[in-house]
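Enquirer:
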Amino acid sequence: MIIPDIPTYKEILDKAFSRARKSGEKLRTLRIPRNVKYRRIEETKIQTACDVMISTLKRILDKTPIIDELPEFYQDYIDVTVGIDELKKSLGAINRAIKIISQLKREYTKRIKFSSPKEAYKLRREIYGRISSVIKEIKDDLDFLDFAKNRLKNMPTIDFDAVTVVIAGYPNVGKSTLLRKLTGANPEVAEYPFTTKGIQIGYRKIGWGKLQVVDTPGLLDRPVDKMNEIELQALVALENLADLMIFIFDPSETCGYPLEKQFALYKNLRKVFNVPIISVFNKIDLVENLKYLKKYINKVENPILVSATEGKGLKKLIAKLEELYERLERKIWKT
């Protein structure tokens, strides 16, 4: 989500009053009655100052996407990252400020038309004070929007037409290596809450469509019951995105986690993600105790043994992905 550059309240005031002063100066050379000229100068200053404030604030609203129209994944992402209610509140405050300044502009423009030069000067000073107060009142909202802009500028770009595969498993089981092998390139990296290296996204073309392969280091590598409330929200966002999951075991246990613990995480995530899960045993070339491995292989459905670094078993994994991809595509077409 792209939020435009957000000015401070002081920048808005300085810009508005500077433009107003210049617009008034341009009228000083008019050859019209003195009373009419000075009244018109003050009227022009009011209109210009209000117009600059309104256009500056409108630009923020116009260039910020409508939150409720965003895909569910992005709404969840925003909520976890900056708070969706807080964002809506600040945007609402900007909208209210626009309405108040517009109303004040109409009111004072009408009043100044029948005033003397001295009264016009007082009216202009009066509205300057009121519109300054309106802008100062949204200082915290402008500051929050600037904070949100910086937090959301590296939001991941998701292709919602692609079938999305999420890779899960403990750290160092080979998730990044497998992602590169499946997609044939270094993945795109974007920020994602509670990930250690950001969300990594790669693509694999299948027929006329493509697979979107996603790895979230630091999020899907620990039990759900160990996550706090905000981390769970980040998990839910990912759950809404996933069509498939690849869970990677490291049977060599060189990742630093015993298979028993890896299997417990696998069961944990199966309860959360209601999608087909492909169980992949990576680093098979490093396994020494095959009897110990067999105990866990027999606990999962249709396990695939691979060595991502050596490329062994990848054809079988790719064939399985293509099979599930076609199955999902047929399901989508039927619905």
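By the UniProt record's numbering, the letter at position 124 of the sequence shown is numbered 124, and the numbering carries on one by one without gaps. Cβ atoms here follow ideal geometry from the backbone N, Cα and C, with glycine treated the same way. Predicted, not measured: the structure shown is a model, and the values here were computed from it.
Can you tell which of Arg19, Lys113 and Asp68 has its C-alpha closest to the C-alpha of Asp85?
Expert: In the sequence shown, the residue the question calls residue 85 occupies position 85. Nearest C-alpha to Asp85: Asp68.
Enquirer: Got a sec? Which residues, its chain only, sit under 7 Å from Leu286 by beta carbon, not counting five neighbours each side?
Expert: What you label residue 286 is simply residue 286 of the sequence shown in a count that begins at 1. Answer for Leu286: Ser252 and Thr254, listed in chain order.
Enquirer: By the DSSP assignment, the alpha helix (DSSP H) with Phe249 in it spans what residues?
Expert: For the purposes of this step, residue 249 is taken as residue 249 along the sequence shown, with counting starting at 1. No alpha helix (DSSP H) holds Phe249; the beta strand (DSSP E) holding it covers Leu244 to Phe249.
Enquirer: Rounded to whole angstroms, how far is the Cβ of Val166 from the Cβ of Met245, which I believe are closer than 8 Å?
Expert: Translated into positions along the sequence shown, residue 166 becomes position 166. Translated into positions along the sequence shown, residue 245 becomes position 245. The Cβ separation is near 5 Å, so the contact holds.
Enquirer: According to DSSP, is Glu180 helix, strand or coil?
Expert: The residue labelled residue 180 in the question sits at position 180 within the sequence shown. A quick correction: the sequence has Arg, not Glu, at residue 180. Secondary structure at Arg180: helix, using DSSP grouped into helix, strand and coil.
Enquirer: Count the other C-beta atoms from every protein chain shown that fall within 10 angstroms of the C-beta of Ser90, then say buried if there are 16 or more, exposed otherwise.
Expert: Indexing the sequence shown from 1 puts residue 90 at position 90. Burial call: buried.
Enquirer: Check whether the region 107-120 and the region 72-84 touch, using three or more Cβ-Cβ pairs below 8 Å as the test.
Expert: The region 107-120 vs the region 72-84: no contact.
Enquirer: What are the boundary residues of the beta strand (DSSP E) that Gly202 is part of?
Expert: Residue mapping note: residue 202 aligns to position 202 of the sequence shown, counting from 1. First-last of the beta strand (DSSP E) with Gly202: Ile199 to Ile206.
Enquirer: Our contact map puts Ile94 next to Ile66 with C-beta atoms below 8 Å; I'd like the distance itself, whole angstroms only.
Expert: Residue 94 sits at position 94 when you count from the first residue of the sequence shown. Residue 66 sits at position 66 when you count from the first residue of the sequence shown. The Cβ separation is near 14 Å, so there is no contact.
Enquirer: Three-state secondary structure (DSSP) at Lys153?
Expert: Sequence index remark: in the sequence shown, residue 153 carries index 153 (1-based). Coil, per DSSP.
Enquirer: Could you tell me which of Arg39, Gly92, Tyr325 and Gly83 sits nearest to Asp62, measuring between CA atoms?
Expert: On the sequence shown, position 62 is the one that residue 62 refers to. Selected option, being the one with the closest Cα: Gly92.
Enquirer: Can you tell me the Cα-Cα spacing of Ile6 and Arg180, whole angstroms?
Expert: For the purposes of this step, residue 6 is taken as residue 6 along the sequence shown, with counting starting at 1. For the purposes of this step, residue 180 is taken as residue 180 along the sequence shown, with counting starting at 1. About 38 Å.
Enquirer: Below 8 Å on the Cβ atoms is my contact criterion, and I expect Gly174 with Lys283 to pass it. Report the Cβ-Cβ distance as a whole number of Å.
Expert: Stepping through the sequence shown from its first residue, residue 174 is reached at position 174. Stepping through the sequence shown from its first residue, residue 283 is reached at position 283. With 8 Å as the limit, Gly174 and Lys283 qualify as a contact, their Cβ atoms being about 6 Å apart.
Enquirer: Which of helix, strand or coil does DSSP assign to Thr254?
Expert: Position 254 of the sequence shown, counted from the first residue, corresponds to residue 254. It is coil, neither helix nor strand.
Enquirer: Who are Thr164's beta bridge partners in DSSP?
Expert: As a first step, residue 164 must be located in the sequence shown, where it is residue number 164. DSSP output for Thr164 lists Gln212 as bridge partner(s).
Enquirer: Can you tell me whether DSSP reads Lys312 as helix, strand or coil?
Expert: Position 312 of the sequence shown, counted from the start, is the residue given in the question as residue 312. Lys312 falls in the strand class under three-state DSSP.
Enquirer: So for Ser115, helix, strand or coil by DSSP?
Expert: Stepping through the sequence shown from its first residue, residue 115 is reached at position 115. Of the three classes helix, strand and coil, the one that applies to Ser115 here is coil, per DSSP.
Enquirer: Going by C-alpha distance, which of Phe281, Ile277 and Leu269 is nearest Leu259?
Expert: Translated into the one-based positions of the sequence shown, residue 259 becomes position 259. Per the Cα distances, Phe281.
Enquirer: Near Leu123, which residues of its chain fall below 8 Å by C-beta distance, leaving aside the five closest residues on each side in sequence?
Expert: By 1-based counting over the sequence shown, the position of residue 123 is 123. Glu42, Ile46, Tyr108, Arg111, Ile112 and Ser115, listed in sequence order.
Enquirer: Out of Gly83, Ile100, Tyr257 and Thr177, point me to the one whose CA is closest to Ile127's CA.
Expert: In the sequence shown, the residue the question calls residue 127 occupies position 127. Checking every option, the nearest Cα to that of Ile127 belongs to Ile100.
Enquirer: For the region 194-214 against the region 156-163, are there 3 or more C-beta pairs whose distance is under 8 Å?
Expert: yes
Enquirer: Looking only at its own chain, which residues have a Cβ that is under 7 Å from the Cβ of Ile3, when we skip the five neighbours before and after it?
Expert: Taking the first residue of the sequence shown as 1, we reach residue 3 at position 3. Result list for Ile3: Thr64, Leu145, Ala148, Lys149 and Leu152, in chain order.
Enquirer: What is the C-beta distance between Leu13 and Ser132, in whole angstroms, given that I count them as a contact (C-beta under 8 Å)?
Expert: Along the sequence shown, one-based indexing puts residue 13 at 13. Along the sequence shown, one-based indexing puts residue 132 at 132. Going by Cβ atoms, the distance from Leu13 to Ser132 rounds to 6 Å, so yes, they are a contact pair.
Enquirer: How far does the alpha helix (DSSP H) with Ser23 in it reach, from first residue to last?
Expert: As a first step, residue 23 is located in the sequence shown; it is residue number 23 there, counting from the start. Tyr9 to Glu25 is the extent of the alpha helix (DSSP H) around Ser23.
Enquirer: Once the 5 residues before and after Val134 are set aside, which same chain residues still bring their CB inside 7 Å of it?
Expert: Stepping through the sequence shown from its first residue, residue 134 is reached at position 134. Excluding sequence neighbours, Val134 sits near Ala97, Ile100 and Ile101.
Enquirer: Assuming Gln200 and Asp215 make a contact with CB atoms under 8 Å, what is their CB distance in whole Å?
Expert: Counted from its first residue, the sequence shown places residue 200 at position 200. Counted from its first residue, the sequence shown places residue 215 at position 215. About 4 Å; that satisfies the 8 Å criterion.
Enquirer: Apply the 10 Å Cβ neighbour rule to Pro156 and answer buried if 16 or more other Cβ atoms are within range, or exposed otherwise.
Expert: Mapped onto the sequence shown, residue 156 falls at position 156. Pro156 should be labelled buried.
Enquirer: Classify Lys267 as buried or exposed, calling it buried when 16 or more other Cβ atoms lie within 10 Å of its own Cβ.
Expert: What you label residue 267 is simply residue 267 of the sequence shown in a count that begins at 1. Classification for Lys267: exposed.
Enquirer: On the DSSP letters alone, give me the boundaries of the alpha helix (DSSP H) that Phe273 sits inside.
Expert: Indexing the sequence shown from 1 puts residue 273 at position 273. Element bounds for Phe273: n/a, residue is neither H nor E.
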